[in-house]
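See below for the structure under consideration.
Next up, the structure:
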């Protein structure tokens, strides 16, 4: 039922585009991050990007601009709080102090047996990159998101956050599960400021990293596809399209949600012969 708090109707023509909106995407030069940038910019957003390598950022930005996309960027290691502060200052200057969209995509997928003492060496890097970076970026972006109309914050989680995908990924899974709960908590805390917070949990998606890993383990790849009802890996654009939806006027009543995009992998519990 409609209430006095219901927003005015949105024209269909403006509901499904991001014209005039500003966005920051972390971990943006490869894989899912790259797909997200191209999706957001492709539907009209002005996008600022970051990744660790300055040369790679510059090359990718030049490539996108040659395609007519409104993209700028700079290097940033989001596991460093100081570098995150410098990045947000650059974003604030570039967008005149207002940001409509933040996509926390940067992450790492280090794997190691939990019982092995050496796992302690990757504890901090995994937590810093997968959880602390998103927490810090969100907190630093808050003053820029608050002035926006229909601000959207999107975390990239993983199906590993709620199901085991590999025997040696306990740390990775835990870091992504923390992101899911952060999503829900921030959605409730920042709703009063007009900031919606959601997460997308991809399954097995074609990317440089995953394709290389699966190329080394073809048997595992076959088992994954056998368990997946759609019978294949996903593509980055299939993740990017959902992220774009969460940033559009068509999702103004969507917050605190973790959307799974995995071809049915986590819904399938039947044993297979593969």
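In the numbering used here, the protein residues as written are 97 to 370. Glycine residues also receive a C-beta, built at the ideal position from the N, C-alpha and C atoms.
Helix, strand or coil: which one does DSSP assign to residue i?
i           : result
residue 284 : helix
residue 349 : coil
residue 265 : coil
residue 183 : helix
residue 139 : coil
residue 251 : strand
residue 200 : strand
residue 340 : helix
residue 324 : coil
residue 212 : coil
residue 206 : coil
If you draw a straight line from the alpha carbon of residue i to that of residue j, how long is it in whole angstroms?
i           : j           : result
residue 283 : residue 314 : 40 Å
residue 230 : residue 328 : 29 Å
residue 385 : residue 134 : Lying outside 97 to 370, the shown extent of the chain, residue 385 is not represented and no answer is given.
residue 227 : residue 234 : 11 Å
residue 145 : residue 120 : 6 Å
residue 126 : residue 147 : 9 Å
residue 301 : residue 173 : 23 Å
residue 212 : residue 218 : 11 Å
residue 129 : residue 122 : 7 Å
residue 362 : residue 331 : 17 Å
residue 206 : residue 187 : 29 Å
residue 267 : residue 274 : 11 Å
residue 288 : residue 166 : 31 Å
residue 277 : residue 110 : 31 Å
residue 247 : residue 118 : 10 Å
Just grab the DSSP bridge partners of residue i for me.
i           : result
residue 146 : 170
residue 330 : 301
residue 291 : 247
residue 120 : 144 and 198
residue 356 : 297
Excluding sequence positions up to five away, which residues of its chain have a Cβ less than 7 Å from the Cβ of residue i?
i           : result
residue 296 : 250, 252, 253, 335, 338, 339, 355 and 357
residue 112 : 344 and 346
residue 139 : 113, 114 and 340
Going by beta carbon distance, what residues of the same chain come within less than 6 Å of residue i, once the five residues before and after it are set aside?
i           : result
residue 177 : 232
CB-CB under 8 Å to residue i, same chain, minus the five flanking residues each way: which ones, in chain order?
i           : result
residue 150 : 170 and 171
residue 180 : 172, 174, 229, 232, 233 and 236
Is there contact between the stretch 256–270 and the stretch 334–342, where contact requires at least three CB pairs shorter than 8 Å? no
Measuring CB atoms only, is the stretch 148–164 touching the stretch 233–253, in the sense that at least three cross pairs come out at less than 8 Å? no
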